[in-house]
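Novice: The structure that follows is given in the form of structure tokens.
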Amino acid sequence: MKIAIATTVAARNWRQWMACSLLGAFLLLALSAAGQAAELSLSDINRLMAAKHNHQALQAITRLLALTPDKLAQQQIGRYDLLMMQGQALLNIYENANARTAYLAAAKAAATPSEACKARATAELIAASRGRQYVSASGAKFPYISSSLRPAAFAAFYKDVWASLSKRLNAAKASHEIVPSVELLPDLRTAIDVAASLQSSSATKQPGEALTSIAAHMTQLITSALKAMQAKAWSISRSANQRITRTVNHRRQSYRRGLSRSEMAELETIARTCDEIAAPVHQFVVTFPDFPKQVAALNATLKTSQKIYHSAETALQAR
């Protein structure tokens, strides 16, 4: 009886293997004849990947990526979708570094903020993982190669990122210094990306609450940094104007000549910092418009940073 059952199972598995192999062989023939027929569709490439013919799928993706935007549009294929599939196929064949590069490229080709967040979050998850698993701070292991298992890995990754970031955010706010605040922005961006990816899945409800916390923290963080920079910029400006007014015969000299080297260096730092702050603030505002209060506050800080930036630039460019 056991032998008969084993034989039946083996026969079923053999039939499934043969079906996948025949499907793969058919698609390979279609790929080899691509010069005489239309390029493979996204569905065809997905079937190649499902049949574990990832190298052939990558060849098809490469051919499609080489097409002009007009030709891709004619086939109703988006560059973002191709790059996301390329990343998945590369993960399937253990080429994690190249997969991360593909996902970062997909983020740049994204048509919507949520698509960009998903691609960047996947790239960061790969970078934070060991091989084919994400190992959380608690030691638990989460496979992420399969897209169906990835939400659980994202949830664990987000929990670890936010736990570390919360402590550093509080320390940065307490210090009221500009540099620690700016240094946190890349990690804050990662947290936003991962949270957005989780929000789009049904794996957990945690990110909805966490995003509100991120918005509040980010508002306080950037507002604190901007206030410090604004006070410093105005202090330098007043000091320079006083020195200019005291010149011989009270002739108005250039604003730049009224600045010392150290003051010019500080204004350059302020201008550069404001420029760095603007990008993540803008990202949050565009990505999460469903938090009106936080978005309004962040929009206000964005305008303030731009005002300080332009004031500092004007001072540096004056003759």
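Counting from 72, one number per residue, gives the positions in the sequence shown under my numbering.
All C-beta atoms, glycine included, are put in the ideal place defined by N, C-alpha and C.
Determine the DSSP secondary structure at lysine 212, reduced to helix, strand or coil.
Specialist: strand
Novice: Under the rule that 16 or more other beta-carbon atoms within 10 Å means buried, what is valine 366, buried or exposed?
Specialist: buried
Novice: Taking all protein chains shown into account, do 16 or more other C-beta atoms lie within 10 angstroms of the C-beta of alanine 302, making it buried, or fewer, making it exposed?
Specialist: Exposed, by the Cβ-count rule.
Novice: Rank Val357, Ser376, Ala371 by C-alpha distance to the C-alpha of alanine 20 and give the top, closest one.
Specialist: As shown, the chain starts at 72 and ends at 390. That puts residue 20 outside it, with no answer to give.
Novice: With C-beta atoms as the reference, is alanine 368 less than 8 Å away from leucine 292?
Specialist: no
Novice: Report the partner residues of tyrosine 205 according to the DSSP bridge assignment.
Specialist: Phe213
Novice: Hey, out of Arg260, Asp258, Ala245, Asp264, whose CA is closest to alanine 296's CA?
Specialist: Out of Arg260, Asp258, Ala245, Asp264, the CA that lies nearest to the CA of alanine 296 is found in Ala245.
Novice: Check glycine 158 in the structure and name its three-state DSSP category.
Specialist: Here glycine 158 sits in helix by DSSP.
Novice: For the alpha helix (DSSP H) that tyrosine 174 lies in, which residues bound it at each end?
Specialist: 167 to 180
Novice: Closer than 6 Å by C-beta to threonine 133: which residues in its own chain qualify, once you throw out the five before and the five after it? Chain order, please.
Specialist: none
Novice: State yes or no: is the C-beta of methionine 120 within less than 8 Å of the C-beta of asparagine 163?
Specialist: A contact, by the Cβ cut-off of 8 Å.
Novice: Of the residues Pro184, Ser185, Ala192, which one's Cα is nearest the Cα of leucine 173?
Specialist: According to the sequence provided, residue 173 is alanine. The question's leucine does not apply to it. For alanine 173, the nearest C-alpha among the options comes from Ala192.
Novice: Helix, strand or coil: which one does DSSP assign to lysine 123?
Specialist: coil
Novice: Beta-carbon within less than 6 Å of alanine 176's beta-carbon, same chain only, minus the 5 sequence neighbours each way: which residues are those?
Specialist: Leu154
Novice: Measure the alpha-carbon distance for alanine 180 versus arginine 239 and round it to whole angstroms.
Specialist: Distance between the alpha carbons of alanine 180 and arginine 239: 32 Å.
Novice: If we call anything under 8 Å between Cβ atoms a contact, is alanine 131 one with leucine 161?
Specialist: Cβ distance not < 8 Å, so alanine 131 and leucine 161 don't count as in contact.
Novice: By DSSP, does alanine 137 sit in helix, in strand, or in coil?
Specialist: coil
Novice: Mapping DSSP to helix, strand and coil, what is threonine 294?
Specialist: DSSP places threonine 294 in helix when its eight states are reduced to three.
Novice: Please report the residue range of the alpha helix (DSSP H) in which isoleucine 263 lies.
Specialist: 256 to 270
Novice: Quick check: the stretch 181 to 188 against the stretch 214 to 230, are at least 3 beta-carbon pairs closer than 8 Å?
Specialist: no
Novice: Here's the rule I'm using: 16 or more other beta-carbon atoms within 10 Å means buried, otherwise exposed. How should arginine 171 be labelled?
Specialist: buried
Novice: Using the C-alpha atoms, what's the distance from proline 257 back to lysine 378?
Specialist: 23 Å
Novice: When you compare only the Cα positions, how much space is there between threonine 385 and glutamate 339?
Specialist: 11 Å
Novice: For tryptophan 233, is the classification buried or exposed, using 16 other Cβ atoms within 10 angstroms of its Cβ as the cut-off for buried?
Specialist: With 16 or more other Cβ atoms from the protein chains shown falling within 10 Å of its own Cβ, tryptophan 233 counts as buried.
Novice: Alanine 223 to lysine 123, Cα distance in whole Å?
Specialist: 23 Å
Novice: If you check the beta carbons only, do glutamate 195 and aspartate 264 fall under 8 Å apart?
Specialist: yes
Novice: Return helix, strand or coil for leucine 113, following the three-state DSSP convention.
Specialist: helix
Novice: Rounded to whole angstroms, what's the CA-CA distance from leucine 93 to glutamine 146? Just pull it up for me.
Specialist: Reliability fails at leucine 93, whose pLDDT of 46 lies under 50, so the model's placement of it is uncertain and the value that follows must be treated cautiously. Roughly 26 Å separates the two Cα atoms.
Novice: Using a Cβ-Cβ cut-off of 7 Å (strictly less than) and excluding sequence neighbours within five positions of glutamate 337, which residues of its own chain qualify?
Specialist: Lys303, Ile307
Novice: In three-state terms, what does DSSP make of glutamine 365?
Specialist: helix
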